Structure formats: structure tokens, C-alpha cells
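Asker: Chains as they are written, first to last, in our numbering: chain A, 910 to 1000; chain B, 30 to 1016.
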Amino acid sequence: MLIPHPLLGLRDAQEFTYLGDAALLNRPDPAAGEAGFADYVYLRDNPAGVHRELWFHEQGDRSWLVVTRNTLTHEILGAELARDVKLGGTA
Amino acid sequence: MSRLDLPQSRDALIDRNRPLSFTFDGRPYTGFAGDTLASALMANGVQLVGRSFKYHRPRGIFSAGSEEPNALVTLRSGARAEPNTRATMVELFEGLEASSQNHLGGVRHDLMAVNDLAAPFLSAGFYYKTFMWPRAFWEKLYEPAIRRAAGLGKLSMEADPDSYDRGYLHPDLLVIGAGAAGLMAALTAARAGAEVVLADEDARMGGRLLAEGGLLDGAPATDWVAQVLAELAALPNVRLMPRTTVFGVYDHGIYGAVERVSDHLATPGEQVRQTLWRITAKRAIMATGATERHIPFADNDRPGVLLSGSLRAYANRWGVTPQARATDPVLIFTNNDDGHRTAQSLLARGVSLAGVVDSRSGARSLGDYTTHAGAVVTGTKGRHGLRRVQIRTADGSDSWISCGVLGVAGGWNPNVQLASHHRGRPVWDGERLTFLPGPDGPAGLIPAGAACGHGSTIAALADGRRAAQTALTQLDRTAAAPALPQAEEEPSAITALWHVPGQRRAWVDLQNDVTVKDIKLSHQENMRSVEHMKRWTTLGMATDQGKTSNVTALAVMAELTGNGIARTGTTIFRPPYTPVALSVLGGGDTGANFRPRRLTPTHHWAEANGATFVEVGQWMRAQWYAQPGETHWRQSVDREARAVRAAVGLCDVTTLGKIDVQGPDAGTFLDRIYANTISTLKPGRVRYGLMLREDGFLYDDGTCACLGDGHYVVTTTTGNAGLVFQRMEFARQCLWPELDVTLISTTDAWAQIAVAGPKSRALLERVVDGFDLSNDVFPFMACAELTVCGGLPARLFRISFSGEVAYELAVPARYGHALMERLMERGADLGVTPYGTEALAVLRIEKGHAAGAELNGQTTAAMLGLGRMVSAKKDAIGAVMSRREGLADDSRRLVGLQPVDPGQKLPAGAHLFAEGAAQALATDEGWITSACYSPHVESYIALGFLEKGDQRLGEVIRCANPLEGQDISARVVPAHFVDPEGGRLRD
Chain A
910 MLIPHPLLGL RDAQEFTYLG DAALLNRPDP AAGEAGFADY VYLRDNPAGV HRELWFHEQG
970 DRSWLVVTRN TLTHEILGAE LARDVKLGGT A
Chain B
30 MSRLDLPQSR DALIDRNRPL SFTFDGRPYT GFAGDTLASA LMANGVQLVG RSFKYHRPRG
90 IFSAGSEEPN ALVTLRSGAR AEPNTRATMV ELFEGLEASS QNHLGGVRHD LMAVNDLAAP
150 FLSAGFYYKT FMWPRAFWEK LYEPAIRRAA GLGKLSMEAD PDSYDRGYLH PDLLVIGAGA
210 AGLMAALTAA RAGAEVVLAD EDARMGGRLL AEGGLLDGAP ATDWVAQVLA ELAALPNVRL
270 MPRTTVFGVY DHGIYGAVER VSDHLATPGE QVRQTLWRIT AKRAIMATGA TERHIPFADN
330 DRPGVLLSGS LRAYANRWGV TPQARATDPV LIFTNNDDGH RTAQSLLARG VSLAGVVDSR
390 SGARSLGDYT THAGAVVTGT KGRHGLRRVQ IRTADGSDSW ISCGVLGVAG GWNPNVQLAS
450 HHRGRPVWDG ERLTFLPGPD GPAGLIPAGA ACGHGSTIAA LADGRRAAQT ALTQLDRTAA
510 APALPQAEEE PSAITALWHV PGQRRAWVDL QNDVTVKDIK LSHQENMRSV EHMKRWTTLG
570 MATDQGKTSN VTALAVMAEL TGNGIARTGT TIFRPPYTPV ALSVLGGGDT GANFRPRRLT
630 PTHHWAEANG ATFVEVGQWM RAQWYAQPGE THWRQSVDRE ARAVRAAVGL CDVTTLGKID
690 VQGPDAGTFL DRIYANTIST LKPGRVRYGL MLREDGFLYD DGTCACLGDG HYVVTTTTGN
750 AGLVFQRMEF ARQCLWPELD VTLISTTDAW AQIAVAGPKS RALLERVVDG FDLSNDVFPF
810 MACAELTVCG GLPARLFRIS FSGEVAYELA VPARYGHALM ERLMERGADL GVTPYGTEAL
870 AVLRIEKGHA AGAELNGQTT AAMLGLGRMV SAKKDAIGAV MSRREGLADD SRRLVGLQPV
930 DPGQKLPAGA HLFAEGAAQA LATDEGWITS ACYSPHVESY IALGFLEKGD QRLGEVIRCA
990 NPLEGQDISA RVVPAHFVDP EGGRLRD
């Protein structure tokens, strides 16, 4: 697979490590308590289709990316710096 | 014996001036450069080349390419022996050794041929139906017997002596296949300036143009091939890759290919044997050609029966025909015009023809030979090779024709496999009677030529050009259209004939011994999906993946179901297209090259000083340093551990992860990374820290040193160095990007040496540049930047893993070796001793320090007795979840254990039970995490987690290791075997 890195252009997926659902950006406030964190830590959607997910450019510039991928076709629909996504307030 | 004698102008593509000798089953033969093993065997009149998979029927060469189902041989001998090699793909070299497979005794008199008599019991699904009872017999009796009887070649069981490589290419256009379509596509794209890679599985490029014996622009087609290849080879934007099979299509235009770099040589010499290429192409053209199919009839598997197009290829390209005796005539059986083209080629080369049996009622000869129109082949004779063929003529009468070879032409199947690697379904073309690549193939892959039904030379040339122009347009390039060479029309005029019905067995899949009857039986037994039929009969499995049988089998099945071929559909094609050796997939990553090996800065020093090394992650670390006279590792380790407690020891601890954290918000950031508070740490001080996972379990531990305002150095365990860094980057970018902090890994930048023991301060005083090491100025948990050895920048941390006064001294990595030498030299009179990871572990177990075995992902801070370190005043990763019931209630605690009999060894991993309790899961009270012999205690000791362990000091419990029948009494003691008050390390 090739991932369109927003800073570095098309990069081979071998340079990245995969983490999973980009919902991991939405870490709850400690006040959410055990229930809120249990959802965050353990529950993930596993959609057949468009999925936003976290990839780490470990063999590259160490950027964490939010990659939008169709899990059925492996088509990559976009990639953003996770930092920008987080600062923009949506994940 | 059957090499055709031809005028030089029309000679085959072999070099008659370069004879090559080779052996087959130990007998010597001679061929020529340019031969394959198959063509050379034919030239020597060898028809019988192996035995079939299940019935051990005699088999001969069936094709001229990678689709070969029969002619599987073991190539070479010894460690280089390679079973199941297709003789049709092996280039002849001087001294080649090959042997036939799958027989007991000689290939001519295979004792396993009795299997053929047992055929009624070995029919479709016999695995599933037979040998069911008694159950216990399967593993011991049935399976081993079946494996011996029904098999392919055998592995040498020796290590592969060859090396492999991998490479990466990024062309604009990958052209797969260098036949008429592929060459025309490559030429069109190359002239337009695109970066082109042209790959072909054959050693010689040209595809069917080498086999047809036809004319292009009035000259032999091989002249045109040579001219195009010469032009391509001269262009800097073209890479020609013969002997390269593109075996798989992967996501986003990535193609896997194997280049057989030196398989055509006796040994690779200095070269690698094969290279695995990862080709990332903007567009690819699938000019993979087509594979001829046969027409099953009774006893159609005898040596001498082969595909008609292959027969033509052998005659034209290699100048051979496969008779056992040169004078035996050749018969053709066809349902389309292509069989007649073989007849023409053979006549042109002076081969004696027995005629053409053509199933089409109106068929006419295209030359001076007999055509039996409306006739079919109904049987054969000849034990080890074809002698006679029975035909049923249009009027229904049967007759026998003497011949040594029968070429079968059933039409051509486009090689659509690559287009189906992403589950794309081929579509049925009822007019051409073939499956064509479907519209849902991989993005960027453009089929061309025979691979998409344009099989005649003239159509393939035009279609290759069309495909390249399509690709270039998609890449925003314009391409002029090169002129097409003039070629003759080659009509097909095929009429459907999928098999000749009859009572005797008619083979569909030669490699797996699957007959028309087996497909019928599978249908009767309700295997209605092609996928079920495939698995029930094993059709289309093994090395050829049904290249010559799949479509025919589907047609037979469609006939049975009445569903038609289009609705019957195909099975799924998956990579690899042809077999790929596991060795090349490893790409040379074996043995010492399995993964990168990281060496510490003192590695060579350690090597020179008797170190034994151990792999820790990717690192090689000194495990112990054997001294003269030490014969057992324990002697070395005990000595090293004692030296640290009594004097001073040196240990390279470079491998511990070091992460430099800087920025105004660094303290806040670290407060969220660590469970305990870091932001209150003053410059010049070090603090022990615990990291949790977000689920509340312990993750990693280490020290955090504050070198200045907003500047920290975090250490991690060796194994987690990369992962902790990744997690910290996650926290920085994904959780709290608003914090002003930056991270960099400096693990490799600093050589760090632990200087531990009561004389460590005395030793360090001899290397620091006027730095005051006194306890008041530089106490336990202090850190500083300083210079040593006369100006070398260094960092010093007063931290202790052993429980003794200890320091870790860091210098730029390239000075690590020199620093080690300097410390050894200056400390000689102090008894300075290098120690390895084994003594390091002994020292830390004696001191009760947690390490990897205690931080195994199932333990909590509270279990280590460090529950209070998890701050409730701030947010940190894992803080909330660490307080959940399941974790907070865990009352197992870290304790020390000492065997009641000090000579008894405590096994790590043993489970702990109360004295007298039944030993079962319900009564399990914990486990031993780490164990060693302690020279300090003079007994084996251990650390472990024990239920309410902190309240059970003095109790005698049982340590059980049922795997080895061990059940040992041990006393519960504090986890600190050395200096429990911690006075020594603060001294």
C-alpha cells in the first residue's frame, strides 16, 4: 500500500506502523471516569468500508497520521497529520 | 534423436555450436545452449519424465511453458536439490543434473503404479470418505502411507547454500509479458519517454513470436523481436527483465516479482540466486498471453500427448518434436484452426504427419495432410509412450492410427490470473469461448493482447499499442503510435468441444489426477459450487494451479449442472501466479541476517575480553565475561556479582532507551506520561518513574533526569525503547498537541556505562575533570553534565540498579570503547571488573528491583508495592483505569522467596500454593517471576507475586512446576535480599 503523507508525498506502507481507529484521538476527560475510559480503551468500530485510522511514520518523520481508508478495497481517501486533526477538534 | 535438421536461415533458437551435457535419472545426454531441459529431453527421445501424483501413471512433457502439469523434476543434488521444478522452465546448463519424481524403483517400473489399480478407491473426495475409521489410525497409519504414495518431490533437508536479495522499482509503466502485445506496449511507452519496466518469465523475450515461426513485415518474427529488444535495451528509460515472473498484484499498484538471477547457471557463484522485486508502478499492462487448453478423452495422459501449441513451439523455437523415435508420425486433435497451424509448422519443418482429427464437421486442411473432419479421439495405446490413437469418425466408425505424438488443441485461455488477484471476476465470452479479465480488476492494471482475447499476432500487436496509449493518456503523456509490422490473419473459428464422452478415464487435471468421472462424482455428491468441486476433487491445486485444467473442468461442471459456464464461474485466483520459493520471499533475511543486529559501543572491547553475548531485542549484549579457568557460566557470573558488591564493576547499559524531552511544557507532558509526578523534579535530580498503559496495567519503568529547566532525559527498558518513544509521540501529537514539547531518541547517541560498587566513587574520581563527587554535593539520585578524561563532554547520573553506590556515565557513543578501556586501566588496583547482563540480573534480583519479568503486562504498580506512586492529583495515561475495581482489588504482592533447602533451585514460572493446599487453578496464589543463584545470600533466591504476600513474611509455601514434576518448599522473605534499608546506595 502507498500512503499519501501530507508532508512527504506518497510513501510505502512498510515505513509505517498501524495503530487502529482514529477514535483514539478522543481521549476522555479524567472526569469521565472508569466507564468513559472503558469505552475509549476497549471498544472500537470495525467498519466494512470507510475507516479513519492512525498510522505512525516510524521509519520516516515520526508523524502520526489519520488515514482515511476503505477497508473493503484498501483505497486511501486521504491522510492528515493527526496533530492538525486534533487541534482542529475533530477526529 | 528427434532434433529437426533445418536450413540455417530458418533454424531454431538454439546454438548448435554450444553443446551442453546433462544427466536425467543418472543417464548422460547432450543438448544445446538455448534449450530448456524439456526440449533437450525431447531431442534425446526421452518421453517418460515422471509419474503422476495419485495413480503413478507414466507421464511426459505436456506443455512448453510455466503451465506444465507433468514434467516436474528434482533439479540439482545435495543442498541445492530443488524438487518440483518444471522441466519446461529450466534452462539447460553444462552439467545439469535432474531426476524424475514420485516413483518407487525406476520411473519406468514404478512399484507404486499399483495405485492405478486401486483407482476406484482414490476417486474424488477419497481423503474425506476413506480412512475415517478407526480414528486413531489416521495419524499413525493412513496419513503417512498416503503421503509416501501420493506426493511430489522431496526436499533435501539441508540448509539452502544460496543467497537472495530484494529490490525496489518505481516505473511509470510495468509491462508484464514480452510477447507481441507486451513488446508493442513497451515500445510505444518507451518512445514516449516513460520509465518502463518490461518483465517476462522466459529467459528469452518474445513470447509466442518465438514459437509461431511466422513472418512480420515479410521476415521471420524473431527478427522483429530482436530489433525491438535492441531499441529498448538502448533506451535509458527502459529496464528489460527476462527470467522475471510477476507473481502477484498488491494494493496501490505494487507488484511482486521474482527474478531468477542465476538459476540458469550451475551455481550462482558470486551472484545471488534470485531477487524479490517490489515494483511500484503508476500503471501496468498485463500482456500475460494465453494458455492452451486440451480436450479430455479416454487415456489422454500418456507420454506423447501434449498441447498442440506447445508442439509447435518445440518445433519452431527448439527444433525438436517429442517422439520416442524420430520416424513416428504426429497426429493433431483440434476443435479450431489453431491445430492446423501446428500441422503447417510441422510440415514446414519436415515432420511426418499422420493427419489432423478435427471435431468440426466442415473442417478443411490448410496444407498437404489428411484431415478427419467431424472426428474425435476416443482412446490411446502405449504403456510408456504413445503408440496408437483411436478415432471415431463423422460416420460413427472407429479406427486406430499409429503415431508417436498427439498434439491437442482445445482453444486458448487468456492468462487472467493477475487481473483477479483483488477478487476481480473474469467474465465469460460465449463467442470466443474464453474467460476474459473482468471490469473489476486491480486499479491501474490494463490487460492487453491474448490475455484479454486478442490472441492473433496482428491483434495482439495492435492491442499492446492501444493499452500503452491508454496508460500514457492516464499519466498525462502523449504518445505517437509506432507503426505496426505487417502480419497474417490467424482466424480461430472455434466450436465448443470440452471433452470426448466415454467410459474410460479422461484426465482433466493431469497434475492432480482428476478425471471427468471425478467431476461427475463430485457433482453427484452435491458439490455444486466450483469452490466445493475444487476442494472435493483437488482440481486446480498444487504447483500448476490448474492452468491447463480449470476452464475445462468448469465446462464439464456446467454441462452437468446445465447452468452454463458463465453462471458456473471460476474459483478465486490468488498470488502467486507460479510457485515462488520461500527463500526468495525471505529475501536473504535468514540466520544472522534475520534482523538488524545492533552492537553496543563496547562490543568489540567485550569481544576481546571474553564476553559471551546474548540477544536483547536487536541488541547484542555481553552476558558474562569468562576468565581463564572458568568452565561454567555460573563461575563467571558469581565472580562478577561479588566484585560489584565488594569493589567496583562496569556494565554497558547503552541499550536502555534514552529519550530527550525539551520544551516549556516538558514537565507537564511528563506528568501525563508517568503515573508519578515529574514536574516537581529540580534540575540536577533524577526520579524513578512508572509508566502505565491506558488500561491501568504497568507498562514500563525507568529514570527521568532533569538536566535543566524544561530539559529531561527519560530512560526506558531496552526492549521497550522504540515502543515507549512511539507512545510518547502519540501522546505529544494525538492527545496533547497544544503542549510545547519536543522529543528525540538519543539511545544511539550516548554510550552509557554503569559504574557500580563501593569503590565506584574512587574510580570515577580518577576520570572526571575536577568534578566534586562527594556525597553531599552529588548525592543519590543526582545528575550533572560535566567533562571527563580531560574535556570529553559527559553526563553523570547517580542511580543504582544493584543496591550499591553506583553511577551511570554517558559519553558520546564513539568514545564508549575508549571510556571502557580508560575505566579498566584506572581501576585496576581497585579490582574493577566488567560484568554482563547475567550478573546485572543477579544484582537487581538481590536488591528486589523490578524488570521485564515483573512488568509483563499483567501486573500493577500496587503489586510491586509502588501503588502510592500513582498520583491521584493529576491526569496521566492509565491513571483512571488503574483505579478500577479489578485492578485495585488485586492483592498479590512482590515478595522474595528462598528455598528451605538452600541448594534447591527455584524455577522461574513456578506457581505458588499454600503449604498443604491442593494444587489447582482455584488455589493458585501467584507465580515466580525471576530466579537466580545469589552469591550474596549463598542460596538460590527468587522474586514472585504472592497473594497478600506483604502479610505473609516468614511463611513456608510451595513452588510448583508440574511440567517438570517440581514441588519445592520456600520461605517468603522481603524482596530486598541486600540492604533493605537502602543505606549502601546512599553512602
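Backbone N, C-alpha and C define an ideal beta-carbon position, used for all residues, glycine too.
On a predicted model such as this, the values are computed, not experimentally measured, just so you know.
Can you grab the Cα-Cα spacing for the pair L923/B / G978/B, in whole Å?
Answerer: Start at 1 with the first residue of the second sequence, and residue 923/B comes out as number 894. Start at 1 with the first residue of the second sequence, and residue 978/B comes out as number 949. Those two C-alpha atoms are separated by around 7 angstroms.
Asker: What's the C-alpha gap between A670/B and V682/B?
Answerer: Taking the first residue of the second sequence as 1, we reach residue 670/B at position 641. Taking the first residue of the second sequence as 1, we reach residue 682/B at position 653. Spanning the two alpha carbons is a distance of roughly 16 angstroms.
Asker: Within 10 angstroms of the Cβ of Q887/B, are there 16 or more other Cβ atoms? Answer buried if so, exposed if not.
Answerer: Translated into positions along the second sequence, residue 887/B becomes position 858. With fewer than 16 neighbouring CB atoms inside 10 Å of its own CB, Q887/B falls in the exposed class.
Asker: Compute the beta-carbon to beta-carbon distance between T747/B and I828/B, rounded to the nearest angstrom, for a pair I have assumed lies under 8 angstroms.
Answerer: On the second sequence, position 718 is the one that residue 747/B refers to. On the second sequence, position 799 is the one that residue 828/B refers to. Not quite, the Cβ-Cβ distance comes to about 16 angstroms (not below 8 angstroms), so this is no contact.
Asker: Which one or two residues does DSSP pair with C481/B in a beta bridge?
Answerer: Taking the second sequence and counting its residues from 1, one reaches residue 481/B at position 452. Partner(s): none; C481/B has no beta bridge.
Asker: Where in the region 316-383 of chain B do unbroken runs of the alpha helix (DSSP H), each at least 4 residues long, occur, reported from the N-terminal end onward?
Answerer: 337-342 and 367-377
Asker: Could you tell me which uninterrupted beta strand (DSSP E) segments, each at least 3 residues in length, are contained entirely in the region 32-116 of chain B, listed from first to last along the chain?
Answerer: 44-53, 56-62, 101-104 and 111-115
Asker: For a test of the three-state rule: what should DSSP assign to G955/B, helix, strand or coil?
Answerer: Residue 955/B sits at position 926 when you count from the first residue of the second sequence. DSSP places G955/B in strand when its eight states are reduced to three.
Asker: Could you check which residue in E659/B, D194/B, E636/B and R627/B has the C-alpha nearest to that of M649/B?
Answerer: In the second sequence, counting from the first residue as 1, residue 649/B sits at position 620. Nearest option by C-alpha distance: R627/B.
Asker: Identify whether T597/B lies in helix, strand or coil by the three-state DSSP scheme.
Answerer: Here residue 597/B refers to the residue found at position 568 when the second sequence is read from its first residue. Correct three-state label for T597/B: helix.
Asker: Less than 6 angstroms between C-beta atoms, sequence neighbours within five positions excluded: which residues of the same chain meet that for E867/B?
Answerer: On the second sequence, residue 867/B is found 838 positions in, with the first residue counted as 1. The answer, listed in chain order, is Q652, W653 and V666.
Asker: Output yes or no for whether 8 angstroms exceeds the beta carbon distance between A879/B and L935/B.
Answerer: The residue labelled residue 879/B in the question sits at position 850 within the second sequence. The residue labelled residue 935/B in the question sits at position 906 within the second sequence. Their beta carbons are not under 8 angstroms apart, which means A879/B does not touch L935/B by this criterion.
Asker: Would you please state the rounded distance, in angstroms, between the beta carbons of L685/B and A704/B? I believe it to be under 8 angstroms.
Answerer: Here residue 685/B corresponds to residue number 656 of the second sequence, with the count starting at 1. Here residue 704/B corresponds to residue number 675 of the second sequence, with the count starting at 1. Beta-carbon to beta-carbon, L685/B and A704/B are separated by about 19 angstroms, too far to satisfy the 8 angstroms threshold.
Asker: Helix, strand or coil: which one does DSSP assign to P841/B?
Answerer: The residue given as residue 841/B occupies position 812 in the second sequence. Note: P841/B maps to strand in three-state DSSP.
Asker: For D948/A, tell me which candidate among R86/B, D724/B and A295/B has the shortest Cα-Cα distance.
Answerer: Here residue 948/A refers to the residue found at position 39 of the first sequence. Nearest of R86/B, D724/B and A295/B to D948/A, Cα basis: D724/B.
Asker: Would you say R961/A faces chain B, with C-beta separation under 8 angstroms as the test?
Answerer: Locating residue 961/A in the first sequence gives position 52, counting from the first residue. No - not a single Cβ of chain B is within 8 angstroms of the one on R961/A.
Asker: Assuming R534/B is part of the beta strand (DSSP E), what are its boundary residues?
Answerer: Reading the second sequence from its first residue, position 505 is the one you call residue 534/B. Careful: R534/B lies outside any beta strand (DSSP E) and carries neither H nor E.
Asker: Which runs of the alpha helix (DSSP H) spanning at least 4 residues fall entirely within the region 538-576 of chain B, listed in chain order?
Answerer: 545-553 and 559-566
Asker: Tell me, to the nearest whole angstrom, how far the beta carbon of V742/B is from that of A811/B; I am working on the premise that it is less than 8 angstroms.
Answerer: Residue mapping note: residue 742/B aligns to position 713 of the second sequence, counting from 1. Residue mapping note: residue 811/B aligns to position 782 of the second sequence, counting from 1. Not quite, the Cβ-Cβ distance comes to about 14 angstroms (not below 8 angstroms), so this is no contact.
Asker: DSSP puts W457/B in a beta bridge; with which residues?
Answerer: Along the second sequence, read from residue 1 onward, the residue named residue 457/B stands at position 428. Partner(s): F464/B.
Asker: Excluding the 5 residues preceding and the 5 following D44/B in the sequence, name in chain order all residues of the same chain whose CB lies nearer than 8 angstroms to its CB.
Answerer: Position 15 of the second sequence, counting from 1, holds the residue named residue 44/B. If we look at D44/B and ignore the five residues flanking it on each side, its Cβ neighbours are F61, A62 and G63.
Asker: Any idea what DSSP makes of M141/B, helix, strand or coil?
Answerer: Reading the second sequence from its first residue, position 112 is the one you call residue 141/B. Looking at M141/B - three-state DSSP - the assignment turns out to be helix.
Asker: Let me know if K687/B comes out buried or exposed under the rule of 16 or more other beta-carbons within 10 Å of its beta-carbon.
Answerer: Counting from 1 along the second sequence, the entry for residue 687/B is found at position 658. Label assigned to K687/B: buried.
Asker: What residue range is occupied by the uninterrupted alpha helix (DSSP H) comprising Q995/B?
Answerer: If you number the second sequence from 1, residue 995/B lands on position 966. First-last for Q995/B: Q995 to V1002, but that is the beta strand (DSSP E), not the alpha helix (DSSP H).
Asker: Starting from the C-beta of K902/B, find all residues in its chain whose C-beta is less than 7 angstroms away, skip the five residues before and the five after it, and write them out in chain order.
Answerer: Along the second sequence, one-based indexing puts residue 902/B at 873. Hits under 7 angstroms: none found.
Asker: For G243/B versus A41/B, is the C-beta distance shorter than 8 angstroms?
Answerer: By one-based count along the second sequence, residue 243/B stands at place 214. By one-based count along the second sequence, residue 41/B stands at place 12. Not closer than 8 angstroms, so no.
Asker: Find the residues of chain B that neighbour G942/A, judging by a C-beta separation of less than 8 angstroms, and give them in chain order.
Answerer: What you label residue 942/A is simply residue 33 of the first sequence in a count that begins at 1. Within 8 angstroms Cβ-Cβ: V909.
Asker: Assign I773/B to buried or exposed, taking buried as 16 or more other Cβ atoms, counted over all protein chains shown, within 10 Å of its Cβ.
Answerer: Taking the second sequence and counting its residues from 1, one reaches residue 773/B at position 744. I773/B is exposed by the Cβ-count criterion.
Asker: Pull up the CB-CB distance for G493/B and A214/B, whole angstroms please, since I reckon it's below 8 angstroms.
Answerer: For the purposes of this step, residue 493/B is taken as residue 464 along the second sequence, with counting starting at 1. For the purposes of this step, residue 214/B is taken as residue 185 along the second sequence, with counting starting at 1. Indeed they touch by this definition, with Cβ atoms about 4 angstroms apart.
Asker: Taking the alpha-carbon positions, what's the T59/B to V75/B distance?
Answerer: In the second sequence, residue 59/B corresponds to position 30, counting from 1. In the second sequence, residue 75/B corresponds to position 46, counting from 1. If I take the Cα positions, the gap works out to 12 angstroms.
Asker: Between V950/A and chain B, is there a C-beta pair that is closer than 8 angstroms?
Answerer: Sequence index remark: in the first sequence, residue 950/A carries index 41 (1-based). Chain B contact via Cβ: present.
Asker: Relative to the alpha-carbon of W662/B, which residue among E299/B, A392/B, G865/B and V796/B has its alpha-carbon at the smallest distance?
Answerer: Here the question's residue 662/B lines up with position 633 in the second sequence. Out of E299/B, A392/B, G865/B and V796/B, G865/B has the C-alpha closest to the C-alpha of W662/B.
Asker: Kindly indicate if chain A contains any beta-carbon less than 8 angstroms away from that of C733/B.
Answerer: What you label residue 733/B is simply residue 704 of the second sequence in a count that begins at 1. Chain A contact via Cβ: absent.
Asker: Counting only C-beta atoms, is H293/B closer than 8 angstroms to chain A at any point?
Answerer: Counted from its first residue, the second sequence places residue 293/B at position 264. Under the Cβ criterion of 8 angstroms, H293/B is not counted among the residues facing chain A.
Asker: Residues in the region 967-996 of chain A with C-beta within 9 angstroms of chain C's C-beta atoms, listed in sequence order?
Answerer: Absent from the structure: chain C. Protein chains present are A and B.
Asker: Under DSSP, the beta strand (DSSP E) around P293/B begins and ends at which residues?
Answerer: In the second sequence, counting from the first residue as 1, residue 293/B sits at position 264. The amino acid at residue 293/B is misidentified as Pro; the sequence shows His. No beta strand (DSSP E) contains H293/B, which DSSP labels as neither H nor E.
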